[in-house]
Amino acid sequence: MEWLKKILGEEVYKTIPENVLKTLTEKVGSKKILVEEKDGDYIPKTRFDEVNTKKADLDKELATTKESLAKVQTDFDNLEKEKAGGSKTLEDKVTDLTKQLTDMQTQLKDKDTQLNLRDRRSSVEKELRARHVNENYLNMLMNEFERKNPLDKLEIVDGKIKDAENIFKPFQESNKDLFGEVKRQGYTPKDGEGNGAGEYYTMEQLKSMPKSEVAANMEKAEKSLAYHQNNQGK
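Under my numbering, the sequence shown is numbered contiguously, ending at residue 280.
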């Protein structure tokens with residue numbers, strides 16, 4: 047029982063009766079019941095084993111916890127990076143989508159406006175034709191009408207312009223030379239003159255003919271004027 051001798055000291059150990067040491071040896075054998083600590087103190091072996099086991103368990107748990115913490119920290123850092131990256135990406139996507147939606151809304155609005163104006167322009171064109179506009183001047187009159195009567199101000203009901211009579215009548219009167227069916231009467235020359243009936247305008251027709259009609263029939267008007275000048279006095 048060297049461990050006991052070491053604890054009690056050799057002098058004290060020698061004072062222990064032999065029968066007591068024998069009984070003690072029989073009870074515990076060579077098994078330590080005390081363990082020397084680093085500072086020279088002794089603690090029961092069972093307590094030492096218990097504490098040591100707990101310490102080992104704690105060390106193991108601590109190592110596991112550190113590993114888990116490291117993994118959680120790594121996962122957290124990655125999550126933060128993904129979150130940051132995701133937020134930026136999401137923000138960009140939202141910005142792009144917002145721009146696309148805004149552009150689309152603008153395009154749809156413009157398209158709707160264009161279609162609306164097209165329908166209104168078509169209604170104006172129908173109304174002008176119904177009033178027997180000279181087709182040679184249709185586009186010119188359309189532009190003139192739109193300048194004086196903005197298309198977006200016109201009220202359309204069932205595809206027709208509301209209050210059309212009050213709108214178009216003054217316009218037609220101010221451009222009356224460009225409305226109505228044009229009836230041209232050619233000059234019928236005397237026997238042996240000209241190249242046939244209707245080939246020339248008479249001087250009376252040329253004098254009374256609106257400038258717009260002269261412009262629309264310039265070739266025949268010039269030919270008629272030349273013809274009459276050449277035959278003047280005959």
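Yeah, the Cβ is synthetic: ideal placement off N, Cα and C, and Gly gets one too.
Local conformation of residue i per DSSP, three classes
i	result
I202	strand
I213	helix
G240	Low confidence applies here, because G240 scores a pLDDT of 40, under 50, leaving its location unreliable and the question unanswered by this model.
First and last residue of the uninterrupted alpha helix (DSSP H) at residue i
i	result
R177	Premise fails: R177 is in no alpha helix (DSSP H) and is neither H nor E.
N330	For residue 330 there is no data in the structure shown, the boundaries of the chain being 47 and 280.
L271	264-276
K208	Per DSSP, K208 belongs to no alpha helix (DSSP H) and is neither H nor E.
E329	Past the edges of the chain, shown from 47 to 280, lies residue 329, and the structure says nothing about it.
Residue burial classification, residue i (beta-carbon count within 10 angstroms, cutoff 16)
i	result
Q218	buried
E64	exposed
E259	buried
K236	Caution is warranted here: a pLDDT of 44 is assigned to K236, below 50, making its placement in the model unreliable, and the coordinate value is therefore given only provisionally. Exposed: under 16 other Cβ atoms inside 10 Å.
L147	exposed
L224	buried
V66	exposed
L154	exposed
R304	Outside the modelled stretch of the chain, which goes from 47 to 280, sits residue 304, for which no answer is possible.
N162	exposed
R175	exposed
R193	exposed
heavy atom of the ligand PLP below 6 angstroms from residue i C-beta
i	result
M264	Looking for the ligand PLP in the displayed structure turns up nothing, as the structure carries no ligands at all.
At a cut of 8 angstroms, does the segment 243-253 reach the segment 205-215 through at least three beta carbon pairs?
no
Taking contact to mean at least 3 C-beta pairs separated by less than 8 angstroms, is the segment 184-201 in contact with the segment 260-279?
no
Count the C-beta pairs between the segment 182-198 and the segment 159-173 that are closer than 8 angstroms, then say yes if the count reaches three, no if not.
yes
Would you say the segment 248-255 touches the segment 265-272, given that touching needs at least three Cβ pairs under 8 angstroms?
yes
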